[in-house]
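Novice: If you scroll down you'll find the structure; I have some questions about it.
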Amino acid sequence: MNRIKDTIAEVKDTLDEAISDTDRWFDKEEALRIYLPENGGWSINQVLEHTVLTSHFLLILIEKGTLKALQLAQKKNSIEECENYTFHKDRLDEVGLHNSFTWIRPEHMEPKGDRSMVAIRAQLHVQHQQCLSCLERLKNGEGILYKTTMSVNNLGKIDVYEYIYFLAQHAKRHITQMEKIEQEYLAKGPKHG
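Start counting the sequence shown at 0; every next residue gets the next number (numbering that gives the first Met the number 0).
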């Protein structure tokens with residue numbers, strides 16, 4: 000049981016760090032946030048919107064998985080299941096590395112620029128609380144009882160804790176992307192453009 004408690008604590012810590020690090024980007028100067036990189040990629044504002052948009056769709060699955068796991072916990076002994084539990088951290092950590100694999104995101108996860116950055120930032124905080132709520136409801140290992148297929152990077156079936164960790168790693172992936180955009184912006188000097 001200690002192993003699952005350690006896993007839950009690690010997921011929470013990783014989530015808290017990823018959300019906090021993402022949140023800091025909203026405070027950067029607007030000229031940096033709207034700068035379009037030379038490679039034709041997204042601006043930081045677009046990356047932030049994409050991150051929150053993707054988390055929205057991940058949270059639909061996480062919330063559903065949380066409910067299903069709690070239902071299964073009434074029929075199965077989650078403590079018994081915890082004894083043989085393996086958290087696939089190594090495979091999930093790859094998700095947090097920018098450009099570590101190729102994946103064509105669905106169109107509905109692409110930024111549209113139709114929402115204010117204030118609204119996007121507020122949604123980031125709501126999403127953080129949603130994840131924390133799911134972890135609290137699954138505090139006794141119930142999250143391992145329900146798995147859903149994740150096609151990204153051929154992860155296959157992952158449990159609810161792994162889904163929340165995936166959400167955090169996705170944010171980390173884009174933090175690295177924003178750091179690269181900032182480096183390019185600063186290297187161009189005062190004219191930026």
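Yeah, the Cβ is synthetic: ideal placement off N, Cα and C, and Gly gets one too.
(1) Compute the beta-carbon to beta-carbon distance between Glu80 and Gly140, rounded to the nearest angstrom, for a pair I have assumed lies under 8 Å.
(2) If you draw a straight line from the C-alpha of Glu9 to the C-alpha of Arg2, how long is it?
(3) Compute the distance between the beta-carbons of Leu52 and Thr147, then report whether it is under 8 Å.
(4) How would you write the range of the alpha helix (DSSP H) that Lys146 sits in, first residue to last?
(5) Would you say the segment 177-188 touches the segment 107-121, given that touching needs at least three Cβ pairs under 8 Å?
(6) What do you get for Ser54, buried or exposed, if any count of 16 or more other CB atoms within 10 angstroms of its CB means buried?
(7) Suppose only complete runs of 3+ residues qualify. What are the beta strand (DSSP E) ranges in the segment 13-56, listed by chain order?
(8) From the DSSP output, which residues share a beta bridge with Asp155?
(9) My understanding is that Cys133 touches Val159, with C-beta atoms under 8 Å, so please give their C-beta distance in whole angstroms.
(10) Just curious, the alpha helix (DSSP H) that His127 is in, first and last residue?
(11) Output the distance between the C-alpha atoms of Ala72 and His124, rounded to the nearest integer angstrom.
(12) Helix, strand or coil for Asp113? Go by DSSP, reduced to three states.
(13) What residue range does the alpha helix (DSSP H) around Lys88 cover?
(14) How long is the line joining the alpha carbons of Tyr84 and Ile143, rounded to whole angstroms?
Specialist: This is what the structure gives:
(1) 7 Å
(2) 10 Å
(3) no
(4) Per DSSP, Lys146 is not a residue of any alpha helix (DSSP H); the beta strand (DSSP E) it occupies stretches across Lys146 to Met149.
(5) No contact exists between the segment 177-188 and the segment 107-121.
(6) By the 10 Å Cβ count, Ser54 comes out buried.
(7) none
(8) Reading off the sequence, residue 155 comes out as Gly, not Asp. BP columns for Gly155 point to Met149.
(9) 7 Å
(10) Met116 to Arg136
(11) Ala72 and His124: Cα-Cα distance of roughly 29 Å.
(12) coil
(13) Lys88 to Asp92
(14) 8 Å
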